[in-house]
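Residue numbers (the UniProt record's numbering), protein chains in the order written: chain L, 1 to 199; chain R, 1 to 199; chain Y, 1 to 199; chain G, 1 to 199.
Built from N, CA and C at the ideal position, the CB exists for glycine as well.
4 protein chains.
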Amino acid sequence: MKRKGPKYEKIIDAAVNVIAEHGYHQSQVSKIAKEAGVADGTIYLYFKNKEDLLVSVFNEKMGTFIEKTENELKGKDTAIEKLRTLVEMHFKQLTADYELSIVTQLELRQTNRQLRAKIGEVLKRYLNLIDTILQDGMKEGVFVPEIDIRLARQMIFGTIDETATNWVMNDHRYDLPALADAIHQMLVNGLSVKMPHSN
Amino acid sequence: MKRKGPKYEKIIDAAVNVIAEHGYHQSQVSKIAKEAGVADGTIYLYFKNKEDLLVSVFNEKMGTFIEKTENELKGKDTAIEKLRTLVEMHFKQLTADYELSIVTQLELRQTNRQLRAKIGEVLKRYLNLIDTILQDGMKEGVFVPEIDIRLARQMIFGTIDETATNWVMNDHRYDLPALADAIHQMLVNGLSVKMPHSN
Amino acid sequence: MKRKGPKYEKIIDAAVNVIAEHGYHQSQVSKIAKEAGVADGTIYLYFKNKEDLLVSVFNEKMGTFIEKTENELKGKDTAIEKLRTLVEMHFKQLTADYELSIVTQLELRQTNRQLRAKIGEVLKRYLNLIDTILQDGMKEGVFVPEIDIRLARQMIFGTIDETATNWVMNDHRYDLPALADAIHQMLVNGLSVKMPHSN
Amino acid sequence: MKRKGPKYEKIIDAAVNVIAEHGYHQSQVSKIAKEAGVADGTIYLYFKNKEDLLVSVFNEKMGTFIEKTENELKGKDTAIEKLRTLVEMHFKQLTADYELSIVTQLELRQTNRQLRAKIGEVLKRYLNLIDTILQDGMKEGVFVPEIDIRLARQMIFGTIDETATNWVMNDHRYDLPALADAIHQMLVNGLSVKMPHSN
DNA sequence: GATGAATGAGATTTCATTCAT
DNA sequence: TATGAATGAAATCTCATTCAT
Chain L
1 MKRKGPKYEK
11 IIDAAVNVIA
21 EHGYHQSQVS
31 KIAKEAGVAD
41 GTIYLYFKNK
51 EDLLVSVFNE
61 KMGTFIEKTE
71 NELKGKDTAI
81 EKLRTLVEMH
91 FKQLTADYEL
101 SIVTQLELRQ
111 TNRQLRAKIG
121 EVLKRYLNLI
131 DTILQDGMKE
141 GVFVPEIDIR
151 LARQMIFGTI
161 DETATNWVMN
171 DHRYDLPALA
181 DAIHQMLVNG
191 LSVKMPHSN
Chain R
1 MKRKGPKYEK
11 IIDAAVNVIA
21 EHGYHQSQVS
31 KIAKEAGVAD
41 GTIYLYFKNK
51 EDLLVSVFNE
61 KMGTFIEKTE
71 NELKGKDTAI
81 EKLRTLVEMH
91 FKQLTADYEL
101 SIVTQLELRQ
111 TNRQLRAKIG
121 EVLKRYLNLI
131 DTILQDGMKE
141 GVFVPEIDIR
151 LARQMIFGTI
161 DETATNWVMN
171 DHRYDLPALA
181 DAIHQMLVNG
191 LSVKMPHSN
Chain Y
1 MKRKGPKYEK
11 IIDAAVNVIA
21 EHGYHQSQVS
31 KIAKEAGVAD
41 GTIYLYFKNK
51 EDLLVSVFNE
61 KMGTFIEKTE
71 NELKGKDTAI
81 EKLRTLVEMH
91 FKQLTADYEL
101 SIVTQLELRQ
111 TNRQLRAKIG
121 EVLKRYLNLI
131 DTILQDGMKE
141 GVFVPEIDIR
151 LARQMIFGTI
161 DETATNWVMN
171 DHRYDLPALA
181 DAIHQMLVNG
191 LSVKMPHSN
Chain G
1 MKRKGPKYEK
11 IIDAAVNVIA
21 EHGYHQSQVS
31 KIAKEAGVAD
41 GTIYLYFKNK
51 EDLLVSVFNE
61 KMGTFIEKTE
71 NELKGKDTAI
81 EKLRTLVEMH
91 FKQLTADYEL
101 SIVTQLELRQ
111 TNRQLRAKIG
121 EVLKRYLNLI
131 DTILQDGMKE
141 GVFVPEIDIR
151 LARQMIFGTI
161 DETATNWVMN
171 DHRYDLPALA
181 DAIHQMLVNG
191 LSVKMPHSN
């Protein structure tokens with residue numbers, strides 16, 4: 001099972017394109033092979049089976065996605081800046097890769113539980129990024145100390161993801177990164193130390 | 001195409017049970033028919049095709065879900081109370097129907113774009129509920145007036161949905177309604193009129 | 001899994017014909033279905049999978065084969081007559097069913113160990129027939145009492161089977177039942193009470 | 001097409017081992033190449049194709065088998081002794097080569113008609129040995145002169161082969177050469193000049 | 001209305017063989 | 001000679017849907 005080489009990359013990219021264009025359930029191995037310019041059997045020299053290919057697609061693309069975000073975060077000093085960067089990077093990267101945005105937001109979700117579990121593994125690294133930002137913010141004293149990290153993470157990821165999915169389902173009709181500020185503002189408000197509202 | 005009658009209900013309920021037990025991709029029409037105690041062909045007297053059945057499942061169950069929430073909201077006076085009620089009702093109803101929670105949070109998402117679009121139609125009524133609460137809150141002066149309703153709705157729904165999905169994926173291991181208060185607090189904070197944070 | 005009905009018979013017979021004509025490895029399910037005049041999927045209403053179909057072919061045909069032999073044996077009084085009948089029936093039945101002779105002597109042997117084990121189960125009933133004849137002969141005092149039943153059975157079956165296989169491999173070019181007498185004579189000689197040869 | 005050299009031997013032996021261990025249908029060319037320590041393509045420098053390799057395996061191994069038997073027969077004077085030697089050598093050689101016994105008795109039979117025909121060619125030399133013994137015995141006056149050589153040969157080979165196959169299928173659980181005497185006795189009886197039985 | 005036997009299109013994966021190096 | 005990456009044809013089985021009864 002070769003896991004590197006130019007054909008490996010080609011197949012991964014072909015998979016993204018085919019899935020984005022034809023949808024998950026219409027992405028036969030033969031279609032991906034044709035798009036990659038290799039024989040059907042060649043796929044199986046690089047991937048154990050179709051599921052392995054799909055997981056690898058998510059791994060590779062999400063890996064890059066996360067790394068870029070991590071790198072960008074390094075230059076930021078405060079949790080609030082980091083959170084803004086995270087949201088911005090998320091939206092910018094999806095905007096920069098049209099096909100990928102369709103694949104991650106729509107297509108790769110129509111998979112069975114098993115595949116979704118493996119995808120979930122990869123996502124954990126991203127969720128850990130969020131957790132770190134939250135812990136930083138609590139240390140800095142800008143986020144409410146009693147906050148449940150898990151719930152806060154679910155608010156942040158849920159909000160970003162829901163926003164991104166809506167954008168893709170609306171055919172990328174509007175400027176997603178332009179929404180980053182407003183989203184950021186709401187999230188920070190939700191987490192910040194302040195006078196309690198009266199209810 | 002009969003849309004009512006005892007068999008109609010039986011088939012809908014059988015579908016929920018079969019999907020919850022065996023998963024979306026293992027829920028063949030014949031299995032649902034057997035669970036419902038009818039012949040395979042009978043399904044097609046009540047539903048146009050399998051997709052129609054699945055949409056109907058979501059319609060019927062989500063319809064009840066939304067109605068109960070609407071009724072509960074009627075008794076509440078302020079937007080903040082209404083939001084709390086919405087979150088609570090969401091979590092309570094999922095907790096009360098084990099099978100439904102699996103079906104709506106996990107299984108019905110593994111469907112193609114077309115089916116998801118139809119499910120989205122049904123969801124709109126729920127999202128409108130959220131919008132109304134937001135508008136109320138802005139009229140009341142408790143929510144920031146400049147807020148983008150769409151983004152706020154995505155934060156609220158995204159947070160609730162992500163929280164619910166995590167709970168199901170963690171095998172319902174903890175008390176979901178118990179989280180409603182903390183979630184509500186974060187959301188209200190995120191939306192409320194207050195002194196801006198310094199960043 | 002229906003195991004009876006006119007289609008069941010049709011499929012079994014179609015399988016024999018297709019295997020006899022095209023050989024085991026060229027007998028695709030679709031070819032058998034076409035020969036039987038049913039859809040591919042119909043095969044799977046009557047058989048669990050292709051292996052199950054092949055085992056059933058052997059079961060059904062060998063079952064009839066054995067029953068006819070058993071019936072014929074009932075009319076015989078002595079072990080020697082019974083043995084002659086067994087050999088004759090074996091050769092006559094193969095001669096009467098051209099396709100079956102090819103399938104059982106040549107094609108169904110090119111199968112994996114698992115399938116062969118299941119076929120072996122069916123054969124046991126036939127081998128038991130032989131054992132009974134041997135025991136009868138020993139009781140009658142015409143067969144050497146010290147004979148190892150297992151070895152004697154292997155001689156009888158091995159001889160008959162090898163003879164039949166050669167006949168099929170020689171394209172049925174000669175009259176197989178005409179050899180029964182000579183075969184029978186040799187086998188009886190081999191087993192009979194007599195003066196030991198001098199060696 | 002080199003037919004000699006150390007790699008030729010290595011490949012032949014690797015084939016026997018792989019087939020014995022994994023079974024005929026699990027013996028891919030690549031697996032044999034790996035076992036032999038050569039590249040897949042190298043196989044095709046020594047053999048025309050996979051069938052040619054398998055026939056060669058049978059050729060080489062059966063050639064040695066037959067030669068050893070021939071050599072042993074040379075030292076024997078009478079047909080009866082020769083027959084005993086043939087049976088003994090057959091069983092001893094199978095016992096001495098565990099892998100070979102599995103390959104010749106079980107695995108190489110699961111092949112198509114074409115390959116089996118070629119294997120039959122190789123076997124002819126062995127069957128000729130039997131024929132010679134039979135003719136010797138008839139000349140010596142110990143075997144019935146009217147015997148049909150072909151039938152007698154089929155009895156001898158069929159019995160030996162059936163016995164050997166049963167032994168392999170019973171996982172070599174008992175001492176095969178120990179059965180040679182009894183088998184020999186039955187065969188000789190079957191062929192010998194004697195008073196006809198009364199039936 | 002209700003049945004359920006029958007349909008048949010469609011896709012993943014294997015593996016013998018080739019050929020450029 | 002030797003390599004081994006690449007090829008691509010080919011077949012089992014599933015399951016939504018139909019329709020004669």
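Which of helix, strand or coil DSSP assigns to residue i
| i | result |
| --- | --- |
| Y:Phe47 | coil |
| residue 208 of chain G | Residue 208 of chain G is absent from the structure shown; chain G starts at 1 and stops at 199. |
| G:Ser198 | With a pLDDT of 42 at G:Ser198, under the threshold of 50, the predicted position of this residue should be treated as unreliable, though the coordinate-derived value follows. Three-state DSSP puts G:Ser198 in coil, outside helix and strand. |
Through-space distance from residue j to residue i, alpha-carbon basis
| i | j | result |
| --- | --- | --- |
| R:Thr163 | R:Leu179 | 9 angstroms |
| Y:Met195 | G:Gly137 | Because the pLDDT at Y:Met195 is just 49, under 50, the model does not fix this residue reliably, and the point stays unresolved. |
| G:Gln114 | G:Asp52 | 11 angstroms |
| L:Val142 | L:Glu81 | 12 angstroms |
| L:Asp131 | L:Arg116 | 21 angstroms |
| Y:Ala20 | G:Glu70 | 38 angstroms |
| R:Ala14 | L:Glu35 | 42 angstroms |
| L:Ile133 | L:Ile66 | 14 angstroms |
| G:Asp161 | G:Ser101 | 11 angstroms |
| G:Lys4 | G:Ile11 | 11 angstroms |
| R:Phe91 | L:Asn17 | 38 angstroms |
| Y:Ser192 | G:Glu140 | 22 angstroms |
| R:Gln93 | R:Ala79 | 21 angstroms |
| Y:Met186 | Y:Thr95 | 21 angstroms |
| L:Gln28 | L:Leu54 | 11 angstroms |
| G:Glu99 | G:Arg173 | 15 angstroms |
| Y:Asn199 | G:Pro177 | Note on Y:Asn199: pLDDT 43, under 50, position unreliable in the model; the coordinate value appears next. Taking the straight line joining both Cα atoms gives about 19 angstroms. |
| R:Asp40 | G:Gly37 | 57 angstroms |
| L:Phe157 | Y:Lys7 | 58 angstroms |
| R:His197 | R:Lys31 | Low confidence applies here, because R:His197 scores a pLDDT of 45, under 50, leaving its location unreliable and the question unanswered by this model. |
| G:Leu129 | Y:Glu9 | 46 angstroms |
| G:Asp97 | G:Leu106 | 14 angstroms |
| G:Thr159 | L:Ala33 | 55 angstroms |
| G:Lys2 | Y:Asn189 | 51 angstroms |
| R:Lys50 | R:Thr64 | 21 angstroms |
Distance cut-off 7 angstroms: residue i Cβ against heavy atoms of the ligand SAH
| i | result |
| --- | --- |
| G:Ala15 | The model depicted lacks the ligand SAH and carries no ligand whatsoever. |
Inter-stretch contact (C-beta, 8 angstroms, three-pair minimum) for the region 121–141 of chain R and the region 166–182 of chain R: no
Segment contact flag, the region 104–112 of chain L with the region 16–30 of chain L, C-beta cutoff 8 angstroms, min 3 pairs: yes
Start-end ranges of the alpha helix (DSSP H) lying completely within the region 26–101 of chain L, minimum 4 residues: 29–36, 40–46, 50–74, 79–96
4-residue-minimum alpha helix (DSSP H) runs that sit fully inside the region 115–170 of chain R, ordered along the chain: 149–169
Stretch pair the region 84–101 of chain Y + the region 27–44 of chain Y: three plus CB contacts closer than 8 angstroms: no
Contact the region 171–190 of chain Y vs the region 149–163 of chain G: 3+ CB pairs below 8 angstroms: yes
Inter-stretch contact at 8 angstroms, needing at least 3 Cβ pairs: the region 138–148 of chain R / the region 48–62 of chain R: no
Interface residues of the region 77–97 of chain Y facing chain G [CB-CB below 9 angstroms]: Thr78, Ile80, Glu81, Arg84
Contact list for the region 120–138 of chain G against chain Y, Cβ threshold 9 angstroms: Gly120
Short-range partners of chain L found in the region 171–186 of chain R, where Cβ spacing is below 8 angstroms: Leu179, Ala182, Ile183, Met186
Chain Y contacts made by the UniProt domain "HTH tetR-type" (5–65) of chain G, where a contact means CB separation under 7 angstroms: Gly23, His25
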